[in-house]
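Mapping to the UniProt record's numbering: the sequence shown position 55 is 55, numbers consecutive. Using N, Cα and C, we set each Cβ at its ideal position, and we do this for glycine too. Being a predicted model, the structure only gives us computed values, none of them experimental. All remarks here apply to the structure that follows.
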Amino acid sequence: MSKVLVLKSSILAGYSQSNQLSDYFVEQWREKHSADEITVRDLAANPIPVLDGELVGALRPSDAPLTPRQQEALALSDELIAELKAHDVIVIAAPMYNFNISTQLKKLF
1 MSKVLVLKSS ILAGYSQSNQ LSDYFVEQWR EKHSADEITV RDLAANPIPV LDGELVGALR
61 PSDAPLTPRQ QEALALSDEL IAELKAHDVI VIAAPMYNFN ISTQLKKLF
């Protein structure tokens, strides 16, 4: 049994061709591999916070206690890393905006 992670990153929701393609992929995968576990993470519907000075400070060794926002960001970071490591197959549905990938996807990596 494989674990599949599908990362959606389009801000256009149902109008997005990349979302439609990833939905089709999931449908086809389920038909052929019904026992596999599929996780879909929509980075536009559930955005990851932008890395700023405060959050970078949480990644550096310090004697200062972490703020609640820093603790939350570190917990999310740990969750996302564990999620990526736990899956055997990763599908990235990446729209192209101005000849680049979406901001939502950039924030993940």
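With DSSP as the reference, please indicate the residues paired to Ala-93 in a beta bridge.
In the DSSP output, where bridge partners are listed per residue, Ala-93 has Lys-8.
Chain-order list of residues whose beta-carbon lies under 8 Å from that of Ser-18 (same chain, five-residue window excluded):
The answer, listed in chain order, is Lys-8, Ser-9, Ser-10, Ala-93, Ala-94, Pro-95.
List, from N- to C-terminal side, the beta strand (DSSP E) runs of 3 residues or more that fit wholly inside the UniProt domain "Flavodoxin-like fold" (2-108).
If we require 3 residues or more, the beta strand (DSSP E) runs fully inside the UniProt domain "Flavodoxin-like fold" (2-108) come out as 3-8, 37-42, 89-93.
Is the beta carbon of Val-26 sitting closer than 9 Å to the one on Ile-90?
No, Cβ-Cβ distance for Val-26 and Ile-90 is not below 9 Å.
Does Leu-76 pass the burial test, meaning 16 or more other C-beta atoms within 10 Å, or should it be called exposed?
It counts as exposed.
Considering only the alpha carbon of each residue, which of Leu-59, Ser-2, Ile-81, Gly-57 lies closest to His-33?
Of the candidates Leu-59, Ser-2, Ile-81, Gly-57, the one whose C-alpha sits nearest the C-alpha of His-33 is Ser-2.
Contacting residues, own chain, Cβ-Cβ under 8 Å from Ala-13 (five flanking each side not counted)
Hits under 8 Å: Asn-19, Ala-44, Ala-45.
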